[in-house]
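Student: So that we are looking at the same thing, I have put the structure below in C-alpha cells.
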Amino acid sequence: MTRRRLARTPVRGREAELAFVEARLDSLARGEGGIVRVEGPPGSGRTRILTEAAASAKRRGTRVFHGGADPDDRSLLGPLLEGLLSGEVADAARLRDLATSPGQRFWLLQELGDRLREAARGGPLLIVLDDLQWCDDLTLLAFHTVAAGLSSEPILWLVAVRGGSVPPGVRTTLDRIQRAGAYELVLGPLGDLAIARITEDVLGAVPDPDVLRVARRAEGVPLLLVELLDAMRGEGAVTIENGMARLPAGPGPVGRLSSVRRRLDLLSDAARELVETTAAMGSAVTVRLLAEALGRPSATLISAVREALDSDLLAERGDHLEFRHALIREAVEAGLPLSARHNAGKPRRHAAEALPESAASPAGPPVPPTDSAPTESTSTGGPVVDDGRRPAASDLTATAAVPDAEPGPGAPESGLSALEPKLSTREPGLSAREPGLSGREPDRSARESGFSAREPVATDGPERPRGSAGAVPLLRWTGPAARAHHPGAPAPSSGGLGPEAEARTRLGLARRLFCRSDFSEAVRHARTGAGLPGVPAALRARLTALLCLALSMSGELDAAEQAVAEALAAAAATGDRAAGATATVAASVVYFHRMDWSSAVRQADRAAALAAGREADPSAWIPEALWQGFLWNAAGRSAEALALAEAGVRNTRNQGRAAATRMWLANHARALLDAGRLTDARAAAEAATAVSDELGPGDFADAVLLPTLMRVALHTGDQEAVRAYAAEALRLRSADAPLLRDAGAWTTALTADSEGRPDRAMALVGDVTVALVAERPSLVGPLDPADAPVLVRMALRAGAHERAAAAADLAERRAALNPDVMILAATAAHARGLLANDLGHLLRAVRLYEDCPRPLARASALEDAGRKLAVTRRSEAVPYLDKALALYTRAGAERDALRVRRRLRAAGVRRRLSPAGHVEEWPELTAAEAGVARLVAQGLTNARVAEHLSLSPHTVGSHLRRVFTKLDITSRGELSRLAATRDSGE
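So, in C-alpha cells, the structure goes:
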C-alpha cells in the first residue's frame, strides 16, 4: 500500500535529480549514450527515480527495457534478460538457453551486445536495471562488459543500487563504471521543505508544528516518512480541522510500519528472533551479547546475522549491530509481546554496560537534511561508502574461534570450519578431481554455501588451516590474484597450518601467481612448500616441478636446469603425470632459452602428451599446451599452432572456464597476427579482452594481447586504437612481473617508433634489449624471431648501432644453432641485411621467407629489398615492392600498403588497390569486410552472416563496425542503399 501511495504522490525533494535525468534523456535523443547510477539507502526513492525516467523516455518515443533483481531469485542474467525481453529485443528461448549453459556464456555476452547494437540503430534505447545489489555475477559481468562495448551507441543505462553495504562484486562493478565515466546520483535525506510537502500530500492538510516534528523522525527517508504518516492517520492520531493537520493527544509511540512488517515476515524464525531480541536490548549490541541473551554459541548466529543484514533491518557499526533507523527499531519493538517490552529495560542496561562508551549511546546525530543534487563522477576511485558487512563477519569468526562460556557438550563446530564440509567432501589427496587441480568447475554448492574467502578469518583460530586450504583453489579458479595471495592473512605460515595443508595452500598460490606472471613469488611459495617436512611425495613432486617452471620463466636458467632432473625423478617415482608434464615444460623452456629449439619443441610435445594422458583435462592448468602452441608458432608451424589454439578456445569455452579461454584466445590472436590475418587477429584479441574484466589485469594473456593489438593497430593505421593501447601499456610497464614490464615497454616502444621518435623507443626498450643480449626469458617482444629485424631497424633509426649489432648477432647465433628452423635463418638474414645495408642478405631473406608462413615478415623483407634496389636500380625494385604491396593488402595492413605505394610512386609507378584484398565495387573495404557488408545489406542478421561465412558472430561484428567506420554510415539501412547503388555500377 505504501509503495503504491508513493507512486501516486508527486515527487518531492528530488527535482534536481529528475532534471539531471531529463538532461541525459535529451542527450540520448541526440545520440549520446552513457551510464547513470542512482545510489541511496533503502527507502530513499531510487525506484521512483527510475520509474519517472522510464515514463519520460516513453513519452519521447524512446524504447525502454526495464529489469530488476530480486534477492530471492538469483537466476543467471535474470534482471538483464527481463529488461531486454520486455522490449522484444532478443530471442527469449535462445538467450535463456545460453545463460544457463556455462560453455556458452561468453558468446551470450557477444550476442547481447550485437542485439543491442542492432536495436540502437533503430533509435535510442533506455535500459533500466533496479536493485543492482541483488544481481548475480553473470548479470554484473554482462552489464559492465556490454555497456563498455556499446559506449559509442545511443544507449543510456540507468541503474539503481542500495547505498552502504553491497557485495564486493557489486562494489567492483560500480568502481569500474565510475572509472569509465558513469554519472552518479546519490540520494540523500530530504530537506525540511520536501518533508512538509510530502506530509501535506499524504494527510491532505497542512501539517502543524507538532506533526512536522513527528514527521522529521523519519530523518528524510521518503518510504519511512510515508509509512509513519499512514500509521498515524490509520490509528486516528491525526485530526484535520480547517485544513490543518494536528495531533490532539500529542506525539505517540510508533506503531508497526508496513515495510518493516513485510521484511520481518520474510525472515526465517532464527533471524526474526535475532532482530526482535536486538530491538529489546537497545540501539547497538555485539554478537557475543546477543548469543548470551539467546543462550546459544556465537557461531550458530552466523546465518541469522547475515539474513538480518541482507533484509536491511540491521546494519553494522564497527563490531556492533544496530537498526538502520530508529523508527525501524521502534516498529519491531511495537510488535513484541507486552511482557518482552516491559522487560526491555534490563537487557538494554546490560547492553549499555557491556559496550564501549561510544557505542552505548545512539549513533550520533542524523545526517543534516539537505536536498541532494547530482554530480558527475570525475574521480578515479569509487564513492566513499560505509561497507559495513565485513566487521561483523570478523566478529563472528573471531568469537567462533574462542569457545563460549560453558558451551555445553556437543556444541556445533564453529565459524568457517563448520562450512568447510560444504566446500569439499573429498579427502585432501592428490586426486585429479580435486577442486582447482581438475578441469571441472567447483560445485555450485561450494560457491554458494555461505563461505567467502574474502571474509576475514581469525588468524589464530582453529578454522584457519581448513579455511585457507579450501579457499585458495577456489580463488585461483574464480578471482583476482590478490585474493588468492591474501585470503585473510599475509601469507600461509607454519603457525596453525599443518605441513601438508600449508604445502597444498602454497601450491595453489604458486600456480595462481605463475599464471599472473609473478614468477619470483611463485618460486618462493613452491620452494617453501617443497621444503616442508612430512609432505606426501606426490604433492612434493608437483611443488618441485612448478618450482622448476617458475625458475625457468624468471630467468634463473641454471637453477631451473639443476632442479629439472630432481623434479623428473620425483614425478617418475610417484607416477604423477601432472608433475612430469610440468617438469618437462620447464626443461623445454630451458632448452629454448639456451637456443636449442629442436630439443625445446621435442620436450614441449612430450609434456603436452603427458598432460593429455592424465585423467584430468589439462585445461585447468595449461602451461604444457600453451607453451607447445607458442613454440610451434615461433618456429613457423603456423597451421598447427592455429589448430591447437582453436581447439583450446573451443574446449575451454564449452567447459565454461573463462581464464583458460582468455589465455587460448590470446594465443590464437598472436598466431593469427603472424599468419597475416589482421582482422581475425583483432577479433580474437577483442574477444579475449571482453572477458578480461572478470579476471582482472596482469596475467599471461595481457602480455600477449596488448602487443598483438598494438601491432594490428599499427599495421592498419588505426591511430585511435594506437593511442588507447599506448595508455594501457603504461599499466604493464609498472607491473611487478618482468614479463609484463617487458611487454609494456615493447608495446610503448613500437608506438614511439611509429611516431618518428626512435630515441624514445630505444630508451623504453632498454631492459628488453638487455634481456635479448642476456637471453633472459620473455614470451613476447624481441624473442619472437620476426621481431629481431624490427628491433634492428628501430635501433638504427635511433643511432644505437651497438644495440642493433647485438640484436643481429643474437639472431644469427640462434639460426646457426637451429639449422632446421627456416624462420630463424630468414630473420637472421633480414636483421643482418638491415644492419649492414646489404642487398645480398636482404635478397637471401626474401628467398628464405618463401618457405615460412609469415606473410607480414616476408612483405617487410620484400619492401626492404625494394627500397635498397630503388636507390640505384629502380626498375628492378618494382617487382619486389609490388609483391610486398600484394601481401600487405591481402593481410589488411593498410598503413604498410600506403607506405609501399609511396615508394612505388617515387619509382615512377602508380598502383590501384589490389583486387586480392579489396573488391572493385568496395575499394575502401577488404574482401572479408565486403563479403560481410553484402550479406548484411541483404538483410541477414549477424548470426546468419556468421553461419553463412563460417565465422564467429564476434568476427562478423568486428568486420561490420569497420565497414560502418570506413563508409561513414551509421545504419544497416544506409548500407543497403549504398550496396544497391554500388553493385548496380552507378
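For the sequence shown, position 812 matches number 2234 in the numbering used here, and the numbering has no gaps at all. Don't be surprised by glycine CBs; every beta carbon is placed ideally from N, CA and C. Keep in mind the model is a prediction, meaning the values are calculated, not measured.
Got a sec? Which residues, its chain only, sit under 7 Å from G1535 by beta carbon, not counting five neighbours each side?
Tutor: Taken in chain order, the residues that qualify are V1568, G1571, L1572.
Student: Counting C-beta neighbours from all protein chains within 10 Å, is the total for L2284 16 or more, i.e. buried, or is it exposed?
Tutor: Counting Cβ neighbours within 10 Å, L2284 comes out buried, since at least 16 surround it.
Student: Measure how close the beta-carbons of E2126 and A2088 come, nearest whole angstrom, since I'm counting them as under 8 Å.
Tutor: What sits at residue 2126 in the sequence shown is Val, not Glu. Between A2088 and V2126 the Cβ distance is about 4 Å, and since that is below 8 Å, they are a contact.
Student: Can you tell me whether I1724 is buried or exposed? The criterion is at least 16 other CB atoms within 10 Å of its CB, across all chains shown.
Tutor: The residue is buried, with at least 16 neighbouring Cβ atoms inside 10 Å.
Student: Is the CB-CB distance between L1538 and I1577 below 8 Å?
Tutor: Yes, the pair counts as a contact, with Cβ atoms nearer than the cut-off.
Student: To the nearest whole angstrom, what separates the beta carbons of A2026 and W2049, a pair I think is in contact under 8 Å?
Tutor: Correct: roughly 5 Å between the Cβ atoms.
Student: Does the separation of the CB atoms of V1583 and R1459 fall below 8 Å?
Tutor: A contact, by the Cβ cut-off of 8 Å.
Student: Are S2380 and R2104 touching if we call contact CB-CB under 8 Å?
Tutor: Yes, Cβ-Cβ distance for S2380 and R2104 is below 8 Å.
Student: If distances are taken between C-alpha atoms only, which option among R1601, V1608, S2156 comes closest to G1586?
Tutor: Nearest option by C-alpha distance: V1608.
Student: Can you tell me which of the three DSSP states D2390 falls into?
Tutor: Coil, per DSSP.
Student: Ignoring anything shorter than 3 residues, give me the beta strand (DSSP E) runs that lie fully in the region 2299–2365, in order along the chain.
Tutor: List check, beta strand (DSSP E) in window: 2344–2348.
Student: Could you say which of P1432, L1447, D1448, G1483 lies nearest to G1467 if we only look at CA atoms?
Tutor: Minimum Cα distance to G1467 is reached at P1432.
Student: Return the Cβ separation of D2286 and G2314 in integer angstroms, given the expectation that the two are a contact with Cβ distance under 8 Å.
Tutor: Incorrect: roughly 21 Å between the Cβ atoms, too far for contact.
Student: For the alpha helix (DSSP H) that contains W1556, what are its first and last residues?
Tutor: From DSSP, W1556 is part of no alpha helix (DSSP H); its letter is neither H nor E.
Student: Go ahead and pull the three-state DSSP assignment for L1578.
Tutor: L1578 falls in the strand class under three-state DSSP.
Student: Out of A1753, R1962, G2395, R2059, which has the shortest C-alpha to C-alpha gap to R2276?
Tutor: Out of A1753, R1962, G2395, R2059, R2059 has the C-alpha closest to the C-alpha of R2276.
Student: Closest to R1485 by C-alpha separation, out of A1541, E1474, P1958, would be which residue?
Tutor: Closest by alpha carbon: A1541.
Student: Take every Cβ of the region 1620–1629, pair it with every Cβ of the region 1444–1455, and state whether three or more of those distances are shorter than 8 Å.
Tutor: No, the region 1620–1629 is not in contact with the region 1444–1455.
Student: Going by CA-CA distance only, name the one from P1958, D2018, A1963 that's closest to A1994.
Tutor: Nearest of P1958, D2018, A1963 to A1994, Cα basis: A1963.
Student: Within the chosen definition, does the region 1949–1967 reach the region 1987–2007 through at least 3 CB pairs nearer than 8 Å?
Tutor: Touching, yes, given that three or more Cβ pairs across the two stretches are closer than 8 Å.
Student: Hey, could you find the ends of the alpha helix (DSSP H) V1727 is sitting in?
Tutor: Where V1727 is concerned, the enclosing alpha helix (DSSP H) stretches over 1724–1732.
Student: Closest to S1680 by C-alpha separation, out of E1657, A1659, A1653, A1667, would be which residue?
Tutor: With distances taken between Cα atoms, S1680 lies closest to A1653.
Student: Since H1747 contacts A1706 with CB under 8 Å, what's their CB separation in whole angstroms?
Tutor: In fact, because the Cβ distance is near 13 Å, the residues do not count as touching under 8 Å.
Student: Measure from the alpha carbon of R2028 to the alpha carbon of each residue in H2015, V2011, M2017, R2016, then state which is nearest.
Tutor: That would be V2011, whose Cα lies nearest to the Cα of R2028.
Student: Should M2085 be labelled buried (16 or more other beta-carbon atoms within 10 Å of its own) or exposed?
Tutor: Buried, since its Cβ has 16 or more Cβ neighbours within 10 Å.
Student: Kindly indicate which three-state DSSP category H1742 falls into: helix, strand or coil?
Tutor: Looking at H1742 - three-state DSSP - the assignment turns out to be strand.
Student: Going by alpha carbons, who is nearest to T2403 out of L2371, R2384, A2359?
Tutor: The shortest Cα separation from T2403 among L2371, R2384, A2359 belongs to A2359.
Student: For D2018, which of helix, strand or coil comes out of DSSP?
Tutor: Note: D2018 maps to coil in three-state DSSP.
Student: State the Cα-Cα distance for the pair V1727 and L2161, rounded to the nearest angstrom.
Tutor: So the alpha carbons of these two residues sit roughly 45 Å apart.
Student: Decide if I1471 is buried, meaning its Cβ has at least 16 other Cβ atoms within 10 Å, or exposed.
Tutor: By the 10 Å Cβ count, I1471 comes out buried.
Student: List the residues that DSSP assigns as beta-bridge partners of T1661.
Tutor: Answer is R1668, bridged to T1661.
Student: Measuring only the C-alpha atoms, how far is A2093 from E2150?
Tutor: The alpha-carbon atoms of A2093 and E2150 are separated by roughly 22 Å.
Student: Return the chain-ordered ranges of every beta strand (DSSP E) run that is complete within the region 1683–1710 and spans a minimum of 3 residues.
Tutor: Complete beta strand (DSSP E) runs here, min 3: 1706–1708.
Student: When we look at the beta-carbon of S2297 and count the other beta-carbons within 10 Å, is it buried (16 or more) or exposed?
Tutor: S2297 comes out exposed.
Student: By DSSP, does G2070 sit in helix, in strand, or in coil?
Tutor: Three-state result, G2070: helix.
Student: Within a Cβ cutoff of 7 Å, which residues of the same chain sit near E2234, ignoring the five residues on either side of it in sequence?
Tutor: So the list reads A2250, R2254, once near-sequence residues are dropped.
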